[in-house]
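Let me begin by presenting the structure, written as structure tokens, before commenting on it.
Residue numbers (our numbering), protein chains in the order written: chain A, 2 to 355; chain B, 2 to 376.
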């Protein structure tokens, strides 16, 4: 009996031990992954050179990938010893904060960020600056208090005006239009929408055009697709849609191209040539606009370099060398403009690959 | 830490039924041994092992800065995990917690923007959480509707209300002394000041669950609602107050979230409910109810939090992060079942082998079921 009892005790003990072992094994697996990833980080940091980290709004977004591609080229050309890209999987307001914190801890010299929320990232960026990092905002600005410079693709107003101009041409200057944007809080989209609304109200050429709805696809393909579908059901007289986001315009184009609205409801906005090519070729979309996103990342990397070297401080009138793109000047409020937007149509779309 | 006494019953009778009543070691483990080898304790070991590992091998991990950033990140999940543990122990669930936090955040933003005193804003926001919890409690406890269905409904409802309240706007201009208090640290330790409050809340929930008759009642409730009613546990009242507690703590998490990020928005804390439930289950709380502990749940939250933190420190993509969290959760749920299965198989096999001796020594009763199966 005693033997029997000891056996039980042992078995239960063993069971617990095995559970512990199983959990420990999973943890070790994770830890192994960590260690492997980390070796690279320390290897480069040890050289004592400048490091740069890009924090986009979210990872795995085709537009962001092009921007980041340009950023990496710029960082290499600019002479950064280490280039990293980290970021959240979903573009929510607070999701970027822990990534900024990790970079602060890593002692990164330049943090390049596209803010999901201009204020939520503020305190974390202040801490990073206190630790010696230079902050470059790109694509979507933070509150100006929290960054050194903001790299803007284009003058916001130009982007707004080219979109409304393209759409006005496509719908013949009158009728109901709608806007399908990214998230409701997206800084840049909201700024463009504001300019579009002002232009519609003030420019007599657009007097016959009425903006009937603004909907948000949250830069999510499925949601944007459904919002596009909903728009056309809710507004049967809709003549055109402006989608100032690459995810939104691609999803809307996909919906239009498979519906009987194809060719009758106009669509324009900001899109990636590679994603929009089939819709331009099949007649769903006549023309849309965008800048070269790679240049945005490229200039951001050079601005970061100039800040880290102390060449510029981000004050108005500072100029810095942006590699192949020549010189760029810091304007009012620390804003650096990359270049004018390009219009893509059936004639020129094959010349671009991004 | 202590497990409910009921857990002892099946094993005690099955495995050592012949032991005389006078033998207190009937199950083989009491007191410290039982605490040291409990299922929830295993996750605490895992946490300690992982922290030691990270401190030794992950560059930059071993510093007060880590403690600060890590704790600031996990506080919302840590808070909500406390009432969630109690609710899951009673065999129910609350999926609306993150939405309540979002609603609180939205409300805070609107009230503050409207010019109310910040103290009043905090009180009203907290009350909103209490009401939201009471609404859940009314539907689940009083009307007896299934908590899964009810809280999926309120998950959408409260998030929707948050959008109605604040719309597409974000409010960011909270008083700087308050927001900096929420990210301030205790001296050079790196421990955020708000942790004092979190620890207090944790102690309250720990004491209620493990050291009061009410807490015992919750375990009993998780095992069998009918039996709990028969022994005089006020089931409706207990569940109702648990949902109120859950709503209130979620509101606290929402307030923290808003002030920590200085941003009141309708989408704050979205998806947090799943992180919390995953961490609580990892911490040894049984989704079927009746089992679990506050220290285990806290360890679960901290383990997931620490792993996330080290992966970010190592700049490993979030894709790896969610895969790891998922795998860990599945491993923690599946491993005990597999081990149970193996143990049972070994047990049966051993009894078959030892059958002659067992009968000879008159232990037939002890292994009655095993013997019959053997024949």
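Cβ atoms here follow ideal geometry from the backbone N, Cα and C, with glycine treated the same way.
Have a look at residue 263 of chain A and residue 265 of chain B and give me their C-alpha separation to the nearest angstrom. For the pair residue 263 of chain A and residue 265 of chain B, the Cα-to-Cα distance works out to about 40 Å.
Mind checking residue 317 of chain A: buried by the 16 CB within 10 Å criterion, or exposed? Result: exposed.
How long is the line joining the alpha carbons of residue 316 of chain B and residue 87 of chain A, rounded to whole angstroms? Residue 87 of chain A has its alpha-carbon roughly 6 Å from the corresponding atom of residue 316 of chain B.
According to DSSP, residue 117 of chain A sits in a beta bridge with which residue or residues? Residue 117 of chain A pairs with nothing; no bridge assigned.
DSSP has residue 172 of chain A in a bridge; who is on the other side? Paired residues: none, contrary to the question.
Distance CB(residue 258 of chain A)-CB(residue 283 of chain A) smaller than 9 Å: It is a contact, given that the beta carbons lie within the stated cut-off.
For residue 214 of chain A, would you say it is in contact with chain B, using Cβ-to-Cβ distances shorter than 9 Å as the test? No, residue 214 of chain A does not count as interfacial toward chain B.
Mapping DSSP to helix, strand and coil, what is residue 329 of chain A? The three-state reading of DSSP puts residue 329 of chain A in strand, counting E and B together.
Closer than 7 Å, Cβ to Cβ, to anything on chain B: give me those residues from the segment 76-88 of chain A, in chain order. Residues 85, 87.
Buried or exposed: which applies to residue 346 of chain B, given that a residue is buried once 16 or more other Cβ atoms fall within 10 Å of its Cβ? Using a 10 angstroms sphere on the CB of residue 346 of chain B, the tally of other CB atoms stays under 16, which defines it as exposed.
Measure from the C-beta of residue 111 of chain B to each C-beta in chain A and report whether the shortest distance is under 9 Å. At least 9 Å separates the CB of residue 111 of chain B from every CB of chain A.
Proximity winner among B/188, B/236, B/131, relative to residue 69 of chain B (alpha-carbon distances): When only C-alpha atoms are compared, the closest one is B/188.
Buried or exposed: where does residue 312 of chain A fall if 16 or more other Cβ atoms within 10 Å of its Cβ makes it buried? Under this definition residue 312 of chain A is an exposed residue.
Give the DSSP-derived three-state secondary structure of residue 314 of chain A in the structure shown. The answer is coil: DSSP assigns residue 314 of chain A none of H, G, I, E or B.
Return the CA-CA distance between residue 338 of chain A and residue 275 of chain A, expressed in angstroms with no decimal places. For the pair residue 338 of chain A and residue 275 of chain A, the Cα-to-Cα distance works out to about 24 Å.
Report yes if the CB atom of residue 155 of chain B is closer than 9 Å to the CB atom of residue 171 of chain B, and no otherwise. Annotated as distal: residue 155 of chain B and residue 171 of chain B, with beta-carbon spacing of 9 Å or more.
Determine, for residue 376 of chain B, whether the minimum Cβ-Cβ distance to residues of chain A falls below 9 Å. Note that residue 376 of chain B scores 36 on pLDDT, short of 50, meaning its location in the model is unreliable; the coordinates nonetheless yield the value given after this. At a cut-off of 9 Å, the C-beta of residue 376 of chain B has no neighbouring C-beta in chain A.
Neighbouring residues, chain A, relative to residue 173 of chain B (Cβ below 9 Å): Ordered by position in chain A, the residues that pass the 9 Å Cβ test against residue 173 of chain B are 118, 119, 120, 121, 123, 144.
Quick one: which chain B residues come within Cβ less than 7 Å of residue 189 of chain A? Result: empty, since nearest Cβ-Cβ is about 15 Å, beyond 7 Å.
Taking Cβ to Cβ, would you say residue 299 of chain A is nearer than 9 Å to residue 325 of chain A? Yes, they are a contact pair.
Which runs of the alpha helix (DSSP H) at least 4 residues long sit entirely within the segment 49-109 of chain A? Give them in chain order. Within the segment 49-109 of chain A, the complete alpha helix (DSSP H) runs of at least 4 residues are 63-79, 98-107.
What in chain A is Cβ-close to residue 262 of chain B, meaning under 9 Å? Correct list: 94, 95, 98, 118, 120, 121, 122, 123, 124, 125.
Quick check on residue 227 of chain A - is its C-beta less than 9 Å from some C-beta in chain B? For residue 227 of chain A, no CB of chain B lies under 9 Å from its own CB, so it is not counted at the interface with that chain.
Would you give the residue range spanned by the alpha helix (DSSP H) that residue 345 of chain B belongs to? Note, residue 345 of chain B: alpha helix (DSSP H), 319-354.
Own chain partners of residue 64 of chain B with C-beta closer than 8 Å, once the 5 adjacent residues on each side are dropped: Spatial neighbours of residue 64 of chain B in its own chain (CB-CB distance under 8 Å, excluding positions within 5 residues in sequence) are listed in chain order as 191.
Which complete alpha helix (DSSP H) runs does the segment 46-114 of chain B hold, if anything under 4 residues is left out? The segment 46-114 of chain B contains these whole alpha helix (DSSP H) runs: 65-90, 98-114.
Would a check of beta-carbon distances place residue 192 of chain A closer than 9 Å to chain B? It does not: the Cβ of residue 192 of chain A has no partner Cβ on chain B nearer than 9 Å.
Assign residue 179 of chain B to one of two classes, buried (16 or more other C-beta atoms within 10 Å of its C-beta) or exposed (fewer than that). Under this definition residue 179 of chain B is an exposed residue.
Of all the options A/105, A/150, A/190, A/232, which has the alpha carbon lying nearest to the alpha carbon of residue 305 of chain A? Measuring from the Cα of residue 305 of chain A, the nearest candidate turns out to be A/150.
Residue 219 of chain B and residue 239 of chain B look like a contact to me (Cβ under 8 Å); what is the Cβ gap, rounded to whole Å? At roughly 6 Å, the Cβ-Cβ gap stays under 8 Å, so residue 219 of chain B and residue 239 of chain B are in contact.
Against residue 90 of chain A, what residues of chain B qualify as contacts under a CB-to-CB distance less than 9 Å, listed in chain order? For residue 90 of chain A, the chain B residues whose Cβ falls inside 9 Å of its Cβ are 318, 319, 320, 322, 323, in order along the chain.
Secondary structure of residue 233 of chain B, DSSP reduced to three states: Here residue 233 of chain B sits in coil by DSSP.
Is the CB of residue 238 of chain A under 9 Å away from at least one CB in chain B? Cβ-Cβ to chain B under 9 Å: no for residue 238 of chain A.
Closer than 9 Å, CB to CB, is residue 180 of chain B near chain A or not? Chain A contact via Cβ: present.
Under 9 Å Cβ-Cβ, which residues of chain B neighbour residue 60 of chain A? Those are 318, 319, 320, listed as they occur along chain B.
By how many angstroms is the C-alpha of residue 125 of chain B removed from the C-alpha of residue 343 of chain A? Using only the alpha carbons, I get a separation of about 51 Å.
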